[in-house]
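Asks: Would you mind keeping the following structure in view while I ask a few things?
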Amino acid sequence: MLTRTHPTLPATWYYDPDQYRREMECIWWKEWLCVARTSELPDPGYYRVVRAGTQQVIITRTGQNELRAFHNTCRHRGSLLCEQATGQFQGQRIVCPYHAWT
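If you're matching positions, the sequence shown starts at 58 in our numbering and goes up one per residue.
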């Protein structure tokens with residue numbers, strides 16, 4: 058049996074900013090993404106930070122045991138809310154390190 062070789066993607070597709078932007082728009086921003094297993098967030102207050110393209114998102118479990126996602130920045134000053142990739146919020150609350158807003 059003969060094995061045929063197939064060309065890979067053009068080299069520029071691996072580093073071209075325009076190609077990256079197209080991929081983000083056509084794939085990352087239009088489809089659902091699997092970011093964690095529910096078992097990784099067993100109880101309210103546990104969180105995981107994931108990167109989806111250019112954005113960081115906090116996935117957490119609420120006091121009502123529902124999964125929710127939030128941008129990993131404060132709306133007012135853009136402070137990073139979670140610096141660790143995983144953890145548990147004290148008092149089950151996300152707190153801005155700049156303002157102490159919850």
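Idealized CB from N, CA, C, for every residue including glycine.
1. What is the DSSP secondary structure of R118, counted as helix, strand or coil?
2. Below 8 angstroms, can you find three or more Cβ-Cβ pairs linking the stretch 87 to 98 to the stretch 109 to 127?
3. Tell me, please, which residues DSSP counts as bridged to L137.
4. What are the boundary residues of the beta strand (DSSP E) that includes Y103?
5. Per DSSP, which one or two residues make a beta bridge with T143?
6. List the DSSP bridge partners of R61.
7. Nearest to Q141 by CA position, among Y104, G148, R150 and F127, is which residue?
8. In three-state DSSP terms, what is R125?
9. Which same chain residues, not among the five before or five after L137, have their C-beta less than 7 angstroms away from its C-beta?
Replies: From the atom records:
1. In this structure, R118 counts as strand in the three-state DSSP scheme.
2. Three or more pairs of CB atoms, one per stretch, sit closer than 8 angstroms, so the stretch 87 to 98 contacts the stretch 109 to 127.
3. Beta-bridge pairing links L137 to T130.
4. Y103 to A109 is the extent of the beta strand (DSSP E) around Y103.
5. DSSP, once it has assigned bridges, lists R105 as partnering T143.
6. In DSSP, R61 forms no bridge with anything.
7. Selected option, being the one with the closest Cα: Y104.
8. The answer is strand: DSSP assigns R125 an E or B state.
9. Same-chain partners within the cutoff: N129 and T130.
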